[in-house]
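Okay, structure first, notes after.
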Amino acid sequence: MAKNRTSAGLPTRQQILDFIASSNTPAGKREIAKAFGLSAQDKILLKALLKDMSDEGLIDVAPGRAFHKMGGLPKVTVLRITDADGDTTWAVPERWEAEHVPAPRLRVREMRGKRSALGVGDRILARTEEAGNGWIAHPMKTLARGEELMLGVLHEEGGKLWLQGVEKKERRSWPVSDAGGAEPGDLVLAEKAGRPPRITARVVERLGDPFAPRSFSLIAIHRHGIPNVFSEELLEEAERVAKQPLGEGREDLRHLRIVAIDPADARDHDDAVWATPDDDPANEGGWKAIVAIADVSFYVRPGSELDREARKRGNSVYFPDRVVPMLPEVLSADVCSLKEDVDRAALACHLQVTKSGALKSWRFTRAVVRLAANIAYEDAQAAIDGELENPLTETALRPLWDCWHALNAARDKREPLDLDLPERRIVLDEKGRILSVAPRERLDAHKLIEDYMIAANVAAAKALEAKKTPVMYRIHEPPAREKLTALKEYLKTFDIEFALGQVIRPATFNRILDRVGEEEFRPQVMEQVLRTQTQAYYGPENVGHFGLALGSYAHFTSPIRRYADLIVHRALVDAYRLGPGGLTAEEAGSMDRIGQSISQLERRAMEAERETIDRYVAAYLAAHVGEIMPARITGVQNFGFFATVEGIGGDGLVAARDLGAEYFHFDEAGKRLVGEHSGEEFTLGQRIELRLVEANPVSGALRFELPDGKGSAGGPQRTGRPGKGAPKRVIHRRGRPGNIRHNGRKR
Numbered sequence: 000m001a002k003n004r005t006s007a008g009l010p011t012r013q014q015i016l017d018f019i020a021s022s023n024t025p026a027g028k029r030e031i032a033k034a035f036g037l038s039a040q041d042k043i044l045l046k047a048l049l050k051d052m053s054d055e056g057l058i059d060v061a062p063g064r065a066f067h068k069m070g071g072l073p074k075v076t077v078l079r080i081t082d083a084d085g086d087t088t089w090a091v092p093e094r095w096e097a098e099h100v101p102a103p104r105l106r107v108r109e110m111r112g113k114r115s116a117l118g119v120g121d122r123i124l125a126r127t128e129e130a131g132n133g134w135i136a137h138p139m140k141t142l143a144r145g146e147e148l149m150l151g152v153l154h155e156e157g158g159k160l161w162l163q164g165v166e167k168k169e170r171r172s173w174p175v176s177d178a179g180g181a182e183p184g185d186l187v188l189a190e191k192a193g194r195p196p197r198i199t200a201r202v203v204e205r206l207g208d209p210f211a212p213r214s215f216s217l218i219a220i221h222r223h224g225i226p227n228v229f230s231e232e233l234l235e236e237a238e239r240v241a242k243q244p245l246g247e248g249r250e251d252l253r254h255l256r257i258v259a260i261d262p263a264d265a266r267d268h269d270d271a272v273w274a275t276p277d278d279d280p281a282n283e284g285g286w287k288a289i290v291a292i293a294d295v296s297f298y299v300r301p302g303s304e305l306d307r308e309a310r311k312r313g314n315s316v317y318f319p320d321r322v323v324p325m326l327p328e329v330l331s332a333d334v335c336s337l338k339e340d341v342d343r344a345a346l347a348c349h350l351q352v353t354k355s356g357a358l359k360s361w362r363f364t365r366a367v368v369r370l371a372a373n374i375a376y377e378d379a380q381a382a383i384d385g386e387l388e389n390p391l392t393e394t395a396l397r398p399l400w401d402c403w404h405a406l407n408a409a410r411d412k413r414e415p416l417d418l419d420l421p422e423r424r425i426v427l428d429e430k431g432r433i434l435s436v437a438p439r440e441r442l443d444a445h446k447l448i449e450d451y452m453i454a455a456n457v458a459a460a461k462a463l464e465a466k467k468t469p470v471m472y473r474i475h476e477p478p479a480r481e482k483l484t485a486l487k488e489y490l491k492t493f494d495i496e497f498a499l500g501q502v503i504r505p506a507t508f509n510r511i512l513d514r515v516g517e518e519e520f521r522p523q524v525m526e527q528v529l530r531t532q533t534q535a536y537y538g539p540e541n542v543g544h545f546g547l548a549l550g551s552y553a554h555f556t557s558p559i560r561r562y563a564d565l566i567v568h569r570a571l572v573d574a575y576r577l578g579p580g581g582l583t584a585e586e587a588g589s590m591d592r593i594g595q596s597i598s599q600l601e602r603r604a605m606e607a608e609r610e611t612i613d614r615y616v617a618a619y620l621a622a623h624v625g626e627i628m629p630a631r632i633t634g635v636q637n638f639g640f641f642a643t644v645e646g647i648g649g650d651g652l653v654a655a656r657d658l659g660a661e662y663f664h665f666d667e668a669g670k671r672l673v674g675e676h677s678g679e680e681f682t683l684g685q686r687i688e689l690r691l692v693e694a695n696p697v698s699g700a701l702r703f704e705l706p707d708g709k710g711s712a713g714g715p716q717r718t719g720r721p722g723k724g725a726p727k728r729v730i731h732r733r734g735r736p737g738n739i740r741h742n743g744r745k746r
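So the sequence shown is numbered by numbering that gives the first Met the number 0: it starts at 0 and just counts up by one.
If you want it as structure tokens, here you go:
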């Protein structure tokens, strides 16, 4: 196998893809290593290479740790029967997590005489085979039938009830065989029933009015299967542990003016901070600081029902109208939440900060704290700016700000990735109705808390490393070369040079943005830089945090809402011998598996939160349908472009069919559509005025058109073969959406 290796001893990406495709059995890391005769050291490098390929969208991993090509399927997998076309049965993968790649549809080859044995909703274990442009499934055995549940809204048409799904891409309605007491207009949970071709929907739960204030988050909860109800037994356990005394041996920090600075609408309070000038002569001009974090590990012990439920949830999920907590509210919003004038159990991170902002030393203790105040970000900022009187301004806030100036200077010197991407804030009234949608203001108070939390997270990681204790790192790997190559090609369109041979650091991207300055295309370059980055995840192998420009980083500061932080707390309790609730041997040996699980659950939460924000935005904009509004193009494809309303958000499509009568070339590298006759361009990041045509709060979908309903160039319709040298992919701006031609022939 030596001829298959690169100079580093590893197979190339293409060789790995070829082996996975040609293997007759599931191909995991072990099988790949064996096939290429890799050494023990090479196996470590192989793991990193496979992770890179996964981040780059080249491969995906199936249950059992076998790999397959991204957009492809495992050799053996579970399928669900969805439909029939004449005599043909069709199925889709029961599990499909590839981003931006639609789930494939497989033609099921059933055994002779058993064609009618499978019905919609049936589950099969099947061997998959790619054939031509499609996939074939060879059933191995039938599995226990599971309900194929759908979220949708009932509507009446032709005297019959129909179910319309809430997915943005859902175009089909299903006849309803049993409404279960639900009425037209209701949001329902339903299951598919019957066999092809007579498939119907049977309502199993009526969820109410889809336009009611709390329905948007409810849709996301059901769609993503987010656990949102605690059992009675678990609630009883939470009540029981909440009543236990704080325990002996805690450091008493109640005399310090520790404060929590949080959003005004915060549901829980994980962290609080304190700082003062350091009296240690060895740290002249520096500061002492404490980051006090809720001691969740004292209440949620390994192996308890509370622990099992927290690991299953992975994190709390935050919606504009509610929070789905990782822990029962008696813990998350009460006993573990750091509040003013009450004694609370905390895990305290004691820091020595030099005058240049470096961390000189750190230690961790279990403590009891009594907060001097819970302060909103805006109020803390106003107090420091002299716009609001607060008795804690000089005694608590000013020292915090003075120490932060040093931390901030150290951050600037480190040059982490600096992308100014606004966060949308949904403001609701007391009944949950939308008052406004606007970017969330970013104050120095936000940056202050962020820098204290980063300092504590770094200290936690380094402390555990020094103690030779397992660490659940927060990992952000450098961008893959393929993504950097795409960025280079993109920047060329703006005459910006980007050398691939240089050492890539976060500051590299900051310099690009500095060169762009305040040009109109700055947002689109910033968006492309963001897309170049890899997705952060949790794991026990340290490869650093690229975005923050840090060599060791762990999440320590939010154990109420993140299971990763709870694991780090347990490791610190064990390493510093701080009492009960430390990391167990079972957990220490399962860090990789736990990291993979909570990383997936984090992505689920992010998707649910993002979709819910989109629904709220669509509901807010529904009252403005027909109006022309300022927008920015956020994505360009061969079938049209996506745009978002400036200052509000929400992505909507401008379809190619709605643009007019001209051919438009799709320039993939430049992320733009270019009119063949007029030269008119629609480019990623471009500011443009659009008319809002549709806003659907249930799906979160928006649809726009140009203000005059056609392309502004108004060029004549072109037919026939594109000119010589033109890009291959072309859009025809009349007829069906995404009418694509290659060298004059429709595909």
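Idealized CB from N, CA, C, for every residue including glycine.
Quick caveat: nothing in here was measured; it's all calculated off a predicted structure.
Item: What is the residue span of the alpha helix (DSSP H) that ASP443 lies within?; Value: 443 to 465
Item: Helix, strand or coil for ASP747 per DSSP?; Value: As displayed, the chain neither begins before 0 nor continues past 746, which places residue 747 out of reach and without an answer.
Item: In whole angstroms, what separates the C-alpha of GLY193 from that of LEU117?; Value: 11 Å
Item: Measuring only the C-alpha atoms, how far is ILE749 from LEU582?; Value: Not covered by the structure: residue 749. The range shown for the chain is 0 to 746.
Item: Given a cut-off of 8 Å on the beta-carbon distance, is the pair LEU420 and MET525 in contact?; Value: yes
Item: Between MET139 and ALA130, how many whole angstroms is the CB-CB distance? I'm expecting something under 8 Å.; Value: So it is not a contact: roughly 18 Å between Cβ atoms.
Item: In the DSSP output, what is ASN509 paired with across the bridge?; Value: According to DSSP, which records beta bridges pairwise, ASN509 is partnered with nothing at all.
Item: CA-CA distance, ILE739 and ALA660?; Value: With a pLDDT of only 27 at ILE739, under the threshold of 50, the placement of this residue in the model should not be trusted; the figure read from the coordinates follows. ILE739 and ALA660: Cα-Cα distance of roughly 14 Å.
Item: Taking the alpha-carbon positions, what's the VAL175 to ASP613 distance?; Value: 28 Å
Item: What does the alpha-carbon distance come out to for the pair GLY748 and GLU645?; Value: A question about residue 748 goes unanswered here, because the residues of the chain that appear run from 0 up to 746.
Item: Taking ILE374 as part of the beta strand (DSSP E), name the residues at either end of that continuous run.; Value: 372 to 375
Item: Rounded to a whole number of angstroms, what is the C-alpha to C-alpha distance between VAL748 and ASN456?; Value: Not covered by the structure: residue 748. The range shown for the chain is 0 to 746.
Item: When the Cα atoms are used, what is the spatial distance from LEU160 to ARG602?; Value: 35 Å
Item: Let me know the alpha helix (DSSP H) ranges lying completely inside the stretch 473 to 497, each 4 residues or longer, listed in chain order.; Value: 480 to 491
Item: Does the Cβ of ASN132 have 16 or more other Cβ atoms within 10 Å, making it buried, or fewer, making it exposed?; Value: exposed
Item: Assuming PRO539 and TYR472 form a contact by the criterion Cβ under 8 Å, report the distance between their Cβ atoms to the nearest whole angstrom.; Value: 7 Å
Item: Going by CA-CA distance only, name the one from ALA271, PRO209 and PHE497 that's closest to LEU370.; Value: ALA271
Item: Answer yes or no: do LEU620 and ALA498 have a C-beta to C-beta separation smaller than 8 Å?; Value: no
Item: Using a threshold of 7 Å, is the CB atom of VAL165 nearer than that to any non-hydrogen atom of the ligand GDP?; Value: Only the bare structure without any ligand can be found here, which leaves the ligand GDP out of the picture.
Item: To the nearest whole angstrom, what separates the beta carbons of LEU142 and VAL75, a pair I think is in contact under 8 Å?; Value: Going by Cβ atoms, the distance from LEU142 to VAL75 rounds to 12 Å, so no, they are not a contact pair.
Item: Just grab the DSSP bridge partners of VAL644 for me.; Value: ALA630 and GLY648
Item: So is PRO706 buried or exposed if we call it buried at 16+ other beta carbons inside 10 Å?; Value: exposed
Item: Return the CA-CA distance between ILE15 and PRO477, expressed in angstroms with no decimal places.; Value: 21 Å
Item: Pull the bridge partners of ALA136 from the DSSP assignment, please.; Value: VAL107 and THR127
Item: For the alpha helix (DSSP H) holding ASP657, just list the boundary residues, first then last.; Value: Careful: ASP657 lies outside any alpha helix (DSSP H) and carries neither H nor E.
Item: On the three-state DSSP scale, how would you describe ILE289?; Value: strand
Item: My output table needs one value for TYR575: the three-state DSSP class, helix, strand or coil.; Value: coil
Item: Across which residues does DSSP place HIS154 in a beta bridge pair?; Value: TRP161
Item: In terms of residues, what are the limits of the beta strand (DSSP E) holding ARG205?; Value: 199 to 207
Item: Using the Cβ count rule (16 or more neighbours within 10 Å means buried), how would you classify ALA655?; Value: buried
Item: Assuming contact is defined by CB atoms lying nearer than 8 Å, are VAL673 and HIS664 in contact in what I supplied?; Value: yes
Item: Pull up the distance between the alpha-carbon of GLN13 and that of GLN599, whole angstroms please.; Value: 27 Å
Item: Mind pulling the beta strand (DSSP E) runs of 3 or more residues that sit fully within the stretch 31 to 55?; Value: none
Item: Compare the Cα-Cα distances from ARG786 to each of ALA444, MET590 and PRO438 and report the closest residue.; Value: Residue numbering for the chain in the displayed model covers 0 to 746; residue 786 lies beyond these limits and cannot be assessed.
Item: Quick one: what's got a C-beta closer than 7 Å to ARG205's C-beta in the same chain, skipping five residues either side?; Value: GLY179, GLY180, ALA181, ASP185 and VAL187
Item: Does DSSP put GLN599 in a helix, a strand or coil?; Value: helix
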